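19 is the number of the first residue of the sequence shown in the numbering used here; add one for each residue after it.
Just so it is clear, CB atoms sit at the ideal spot from N, CA and C, and this is done for glycine as well.
Model, not experiment: these values are computed from the prediction.
Have a look at the structure below, then the notes.
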Amino acid sequence: MARYVFPVLLAADDNDTVLVTAPDLPGFVTYGDSEAEALRKAQGALAQLIDAYMRTGKPIPEGSPARGRLTIAMPTLMTLKAALYMAMRESKMSKSELARRLGVDVRQVRRMLDPLVSSRVEELDRALALLGKRFEVTIRDAA
Numbered sequence: 019m020a021r022y023v024f025p026v027l028l029a030a031d032d033n034d035t036v037l038v039t040a041p042d043l044p045g046f047v048t049y050g051d052s053e054a055e056a057l058r059k060a061q062g063a064l065a066q067l068i069d070a071y072m073r074t075g076k077p078i079p080e081g082s083p084a085r086g087r088l089t090i091a092m093p094t095l096m097t098l099k100a101a102l103y104m105a106m107r108e109s110k111m112s113k114s115e116l117a118r119r120l121g122v123d124v125r126q127v128r129r130m131l132d133p134l135v136s137s138r139v140e141e142l143d144r145a146l147a148l149l150g151k152r153f154e155v156t157i158r159d160a161a
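The following block contains the structure:
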């Protein structure tokens, strides 16, 4: 089961900003003028970092248990795209092979894997199923 929720650390920076780092995501750092702004910016930084991992062919790390720390999570659609990307890496399936098995153009698979492009959940569900995966939705109280 993939876990794409990441604990973050907030620290006062020397220029009156709040610095955000994520121990599970090497190189992840952002900041804001307040904790709230820093956490909002962390969501955007997470999306950009995941996009960079996928574009460069790197594996996407999983988050460790929160253990009382603040967390940031990928948006639902990005989580599904990351899971599809990792399932394809795991099975060594190319985009063109997935497109062939799904009966779609390879451009559609590229869009499914682009975290910055909208996709239909049903498409991602079908592609994940083809790779022997399924997703489950869990709703929790916000912290």
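Beta-ladder partner(s) of Y71, from DSSP: The partner list for Y71 (beta bridge, DSSP) is empty, contrary to what the question assumes.
What is the DSSP secondary structure of A84, reduced to helix, strand or coil? coil
For L134, the three-state DSSP class (helix, strand or coil): coil
Rounded to a whole number of angstroms, what is the C-alpha to C-alpha distance between I3 and A20? Because the chain spans 19 through 161 in this model, residue 3 falls outside it and cannot be assessed.
Could you have a look at G45 and say whether DSSP puts it in helix, strand or coil? coil
Same chain, Cβ closer than 8 Å to D42, neighbours up to 5 away in sequence not counted: F24, P25, P79, E80, G81 and S82
Length of the line joining the Cα atoms of G121 and E55: 43 Å
Helix, strand or coil, according to DSSP, for V26 in the structure here? coil
Let me check understanding here. Comparing Cα to Cα, which of L88, T89, R144 and D123 lies closest to L101? First, the amino acid is wrong: residue 101 is Ala here, not Leu. Selected option, being the one with the closest Cα: R144.
Proximity to G45 [Cα-Cα], best of A63, R118, M72 and Y103: A63
Once DSSP output is grouped into helix, strand and coil, what is the label at L149? coil
V124 - DSSP class collapsed to helix/strand/coil: helix
By Cβ distance below 7 Å, which residues in the same chain neighbour G150 in space, the five residues on each side in sequence not counted? none
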